[in-house]
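Undergrad: This is the structure, below, for whatever I ask next.
Residue numbers (the working numbering): 44 to 208.
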């Protein structure tokens, strides 16, 4: 897959004047603070849970697991310089995750279908077994819409959430 006709790569992490995303925002005191890096053809993040994120006693809440999978797929789109919104997402839970378990999530674009990207992600446990998988269709945000969405945060709009030249 070719990139979005861009010369430079969009950063995978938010260091802007916003930073309040629940999944990745470094300024969100209640958030997950996920930090992403490139791996193979996609992106990867690691996370260690604590009791704030449990559903059933001592087990991770499925909504938090889904959030990590969703954010991982969203970040995979940045490798091709696309900003996206989740249009449709399917999650399959393979194993319960104990709250003390360290997990790794990986996501990768599979293909572009018109104005959508098909992206997949997974969560692995420390023993490399798969705990959850997801696939989703992500709508590509047009540049003019992205500018409107970020207009209240100049550094977010100009230094991170823009399409590179």
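Here a beta-carbon is modelled for each residue, glycine too, at the ideal position from N, C-alpha and C. In this text, all values refer to a predicted model and were calculated from it rather than measured experimentally.
Does the distance between the C-beta of residue 53 and the nearest non-hydrogen atom of the ligand FAD fall short of 7 Å?
TA: Because no ligand of any kind appears in the structure shown, any question about the ligand FAD cannot be addressed here.
Undergrad: Based on the DSSP secondary-structure assignment, which residues constitute the bridge partners of residue 97?
TA: Position 54 of the chain shown holds residue 97. Answer by DSSP bridge pairing, in chain order: 103.
Undergrad: Nearest by alpha-carbon distance to residue 182: which of 161, 66, 104, 149 is it?
TA: Within the chain shown, numbered from 1, the residue matching residue 182 stands at position 139. It is 161.
Undergrad: Could you tell me the boundaries of the alpha helix (DSSP H) in which residue 189 lies?
TA: For the purposes of this step, residue 189 is taken as the residue at position 146 of the chain shown. Here the alpha helix (DSSP H) through residue 189 covers 186-192.
Undergrad: Give the DSSP bridge partners of residue 132, in chain order.
TA: Position 89 of the chain shown, counting from 1, holds the residue named residue 132. Looking at the DSSP assignment, residue 132 forms a beta bridge with 179.
Undergrad: Going by other Cβ atoms of all chains shown within 10 Å of its Cβ, with 16 needed for buried, is residue 143 buried or exposed?
TA: By 1-based counting over the chain shown, the position of residue 143 is 100. When all chains shown are included, residue 143 counts as exposed.
Undergrad: What is the rounded straight-line gap between the Cα of residue 187 and the Cα of residue 124?
TA: Within the chain shown, numbered from 1, the residue matching residue 187 stands at position 144. Within the chain shown, numbered from 1, the residue matching residue 124 stands at position 81. Distance between the alpha carbons of residue 187 and residue 124: 15 Å.
Undergrad: DSSP state of residue 199, grouped into three classes?
TA: For the purposes of this step, residue 199 is identified with residue 156 of the chain shown, where counting begins at 1. Residue state, collapsed to three classes: helix.
Undergrad: Assuming residue 86 contacts residue 119 under a Cβ cut-off of 8 Å, what Cβ separation, rounded to an integer in Å, is found between them?
TA: Taking the first residue of the chain shown as 1, we reach residue 86 at position 43. Taking the first residue of the chain shown as 1, we reach residue 119 at position 76. About 5 Å; that satisfies the 8 Å criterion.
Undergrad: Give a yes or no on whether the C-beta atoms belonging to residue 115 and residue 61 are separated by under 8 Å.
TA: Numbered from its first residue, the chain shown carries residue 115 at position 72. Numbered from its first residue, the chain shown carries residue 61 at position 18. Result no, Cβ atoms of residue 115 and residue 61 do not sit closer than 8 Å.
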